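For reference, the structure is listed below as structure tokens.
Number of protein chains: 2
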Amino acid sequence: MPNKTARPAQPAETGALYFRLFNEIGIIAQLSGNRFQRVLPQGLTVAQFSLLNHGVRLGDGWTPARLAAAFQVTKGTMTNTLQKLEAKGFIRLEPDPGDARSKRVFLTASGRSAREAALKALVPELAGLPGSFPPALAAEILPALERLRIWLDTNR
Amino acid sequence: MPNKTARPAQPAETGALYFRLFNEIGIIAQLSGNRFQRVLPQGLTVAQFSLLNHGVRLGDGWTPARLAAAFQVTKGTMTNTLQKLEAKGFIRLEPDPGDARSKRVFLTASGRSAREAALKALVPELAGLPGSFPPALAAEILPALERLRIWLDTNR
DNA sequence: ACTATATAGTTTGATATCGAACCAAAAGGA
DNA sequence: TCCTTTTGGTTCGATATCAAACTATATAGT
């Protein structure tokens with residue numbers, strides 16, 4: 352007799368559970384993205400700000416390819432984002448001395464101050480959050496989210 | 352003396368913590384969205400599938416306005432998505448008998464079977480997930496995510 | 001050394017989404 | 001009853017993103 356129900360790799364409820372999870376995450380991403388977008392100064396998009404922020408926190412001199420991988424966007428998207436930032440004068444692109452195909456991304460002084468200004472605009476947006484969503488809760492679920500992100504990132 | 356540091360409404364670390372949270376959520380949404388998109392049959396987008404799924408799970412007959420609110424997209428976006436679904440023959444739009452401005456959204460039989468097919472395509476995509484991200488963990492963080500979503504939803 | 005393959009970055013065409021403006025219908029107030 | 005305001009839905013223009021094709025350079029295998 353064939354094992355029709357012997358190995359229920361995915362009980363129906365489990366799928367539904369994961370599905371709710373991704374749905375909830377999708378809506379949060381949408382809401383927070385729109386919200387941040389609205390208050391960001393200098394016509395910065397969330398993606399552009401994230402890039403500036405990344406440069407300040409983790410240092411600059413990264414290649415576009417590594418940035419695209421870090422942010423999980425296509426190379427084409429990263430090209431576009433970097434061009435926008437360069438047009439605003441917030442980054443500088445230099446050829447990679449060791450690899451003629453590659454480039455290096457550096458923040459300019461005005462890029463750094465734009466990031467400062469953006470942070471200032473973003474903080475009050477989260478002013479009331481700790482009331483209903485304490486920082487401890489954020490810290491508690493972050494590791495789980497990281498695990499999920501890593502699984503999605505590696506298994507594709 | 353003015354209370355310069357008296358009420359640190361947002362310690363710097365707290366802001367950074369929330370920021371990491373939203374960043375992580377944004378990347379997960381991006382990765383899972385792209386992933387689902389790739390395997391969805393019938394040229395369905397994630398948004399379209401979510402709509403079909405919503406109809407099956409919570410019943411149909413909703414108005415576009417309520418759907419837009421439920422999914423946190425603009426009315427224009429919902430109009431567009433509904434038109435696509437209608438063109439595929441997956442939903443039917445009827446005038447609301449009680450309100451001449453409004454419409455009601457109903458699933459067709461082929462809409463229901465398209466949703467079935469999409470579910471079938473989606474499940475294997477999550478096959479390996481329980482290994483590194485057990486369902487219990489999903490259940491554990493879901494309430495927190497709901498709280499976050501609700502806060503974002505109400506405070507805007 | 002040569003050839004094949006992989007990688008860095010750009011470009012192109014398509015599309016989902018947004019915000020804002022718009023029209024029509026409903027609801028509320030004087 | 002009329003006028004104002006709110007609400008439901010569509011349309012429009014702009015834009016961020018994707019996938020795929022393409023060029024150029026680097027790496028690897030024989």
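Same order as they appear, the protein sequences are chains A and B.
Using the numbering used here, read the first sequence as starting at 352 and increasing by one per residue.
Using the numbering used here, read the second sequence as starting at 352 and increasing by one per residue.
Here a beta-carbon is modelled for each residue, glycine too, at the ideal position from N, C-alpha and C.
In this text, all values refer to a predicted model and were calculated from it rather than measured experimentally.
Assign ILE379 (chain B) to buried or exposed, taking buried as 16 or more other Cβ atoms, counted over all protein chains shown, within 10 Å of its Cβ.
-> The count along the second sequence starts at 1 and reaches residue 379 (chain B) at position 28. ILE379 (chain B) is buried by the Cβ-count criterion.
Which first and last residues belong to the beta strand (DSSP E) in which LYS454 (chain A) is found?
-> Position 103 of the first sequence, counted from the start, is the residue given in the question as residue 454 (chain A). Unbroken beta strand (DSSP E) run through LYS454 (chain A): 454 to 458.
Do we get a CB-CB distance below 7 Å when we pair ARG358 (chain B) with the residues of chain A?
-> For the purposes of this step, residue 358 (chain B) is taken as residue 7 along the second sequence, with counting starting at 1. Its pLDDT being 43, under 50, ARG358 (chain B) is placed unreliably in this model, and the coordinates cannot settle the point.
Exposed or buried, what is ASN374 (chain B) when buried is set at 16 or more other beta-carbons lying within 10 Å of its beta-carbon?
-> Here residue 374 (chain B) refers to the residue found at position 23 when the second sequence is read from its first residue. A buried status is given to ASN374 (chain B), since no fewer than 16 other beta-carbon atoms sit within 10 Å of its beta-carbon.
Would you identify the three-state DSSP class for LEU444 (chain B), choosing helix, strand or coil?
-> Taking the second sequence and counting its residues from 1, the one referred to as residue 444 (chain B) is at position 93. Taken through DSSP and simplified to helix, strand or coil, LEU444 (chain B) comes out as strand.
Proximity winner among B:GLY377, B:PRO392 and B:ARG408, relative to ARG371 (chain A) (alpha-carbon distances) | Taking the first sequence and counting its residues from 1, one reaches residue 371 (chain A) at position 20. Out of B:GLY377, B:PRO392 and B:ARG408, B:ARG408 has the C-alpha closest to the C-alpha of ARG371 (chain A).
Nearest-angstrom Cα distance between ALA465 (chain B) and ALA398 (chain B)?
-> Stepping through the second sequence from its first residue, residue 465 (chain B) is reached at position 114. Stepping through the second sequence from its first residue, residue 398 (chain B) is reached at position 47. Roughly 14 Å separates the two Cα atoms.
If you check the beta carbons only, do PHE441 (chain B) and GLY462 (chain B) fall under 7 Å apart?
-> Position 90 of the second sequence, counted from the start, is the residue given in the question as residue 441 (chain B). Position 111 of the second sequence, counted from the start, is the residue given in the question as residue 462 (chain B). Cβ atoms of PHE441 (chain B) and GLY462 (chain B): closer than 7 Å.
List the DSSP bridge partners of ALA502 (chain B).
-> Start at 1 with the first residue of the second sequence, and residue 502 (chain B) comes out as number 151. The sequence given here places Trp at residue 502 (chain B); Ala does not occur at that position. In the DSSP assignment, TRP502 (chain B) forms no beta bridge with any residue.
Interface residues of chain A facing ASP504 (chain B) [CB-CB closer than 7 Å] | In the second sequence, residue 504 (chain B) corresponds to position 153, counting from 1. The contacting residues are LEU382.
Counting Cβ pairs closer than 8 Å, one from the stretch 472 to 489 of chain A and one from the stretch 453 to 462 of chain A, do we hit at least three?
-> With the rule of 3 Cβ pairs closer than 8 Å, the stretch 472 to 489 of chain A does not count as touching the stretch 453 to 462 of chain A.
Within its chain, find whatever has a CB closer than 6 Å to the CB of MET429 (chain A); leave out the 5 residues flanking it on each side and keep chain order.
-> Taking the first residue of the first sequence as 1, we reach residue 429 (chain A) at position 78. The residues are PRO415, LEU418 and ALA419.
Look at the alpha carbon of PRO494 (chain B) and the alpha carbon of PHE400 (chain A), and state the distance between them as a whole number of angstroms.
-> To locate residue 494 (chain B), count along the second sequence from 1; it is residue 143. To locate residue 400 (chain A), count along the first sequence from 1; it is residue 49. Using only the alpha carbons, I get a separation of about 29 Å.
Straight-line gap, ALA490 (chain A) to LYS454 (chain B) (C-alpha atoms, nearest Å) | Counting from one through the first sequence, the residue named residue 490 (chain A) turns up at place 139. Counting from one through the second sequence, the residue named residue 454 (chain B) turns up at place 103. One C-alpha to the other measures close to 44 Å.
Using a Cβ-Cβ distance under 7 Å, would ALA398 (chain B) count as near chain A?
-> Indexing the second sequence from 1 puts residue 398 (chain B) at position 47. It does not; no Cβ of chain A falls within 7 Å.
Could you tell me the boundaries of the alpha helix (DSSP H) in which GLY427 (chain A) lies?
-> The residue given as residue 427 (chain A) occupies position 76 in the first sequence. For GLY427 (chain A), the uninterrupted alpha helix (DSSP H) segment begins and ends at 426 to 438.
Is it right to say LEU444 (chain B) is buried, meaning 16 or more other beta carbons lie within 10 angstroms of its own, or is it exposed?
-> On the second sequence, residue 444 (chain B) is found 93 positions in, with the first residue counted as 1. Exposed, by the Cβ-count rule.
Taking only beta-carbon atoms, is THR430 (chain B) less than 7 Å away from chain A?
-> Looking up residue 430 (chain B) in the second sequence gives position 79. Chain A contact via Cβ: absent.
Tell me whether the beta-carbon of ALA469 (chain B) lies closer than 7 Å to the beta-carbon of LEU395 (chain B).
-> Numbered from 1 along the second sequence, position 118 holds the residue referred to as residue 469 (chain B). Numbered from 1 along the second sequence, position 44 holds the residue referred to as residue 395 (chain B). In this structure, the beta-carbon distance from ALA469 (chain B) to LEU395 (chain B) falls below 7 Å.
CA-CA distance, LEU402 (chain B) and LYS435 (chain A)?
-> Along the second sequence, one-based indexing puts residue 402 (chain B) at 51. Along the first sequence, one-based indexing puts residue 435 (chain A) at 84. Rounded to the nearest whole angstrom, the C-alpha separation of LEU402 (chain B) and LYS435 (chain A) is 34 Å.
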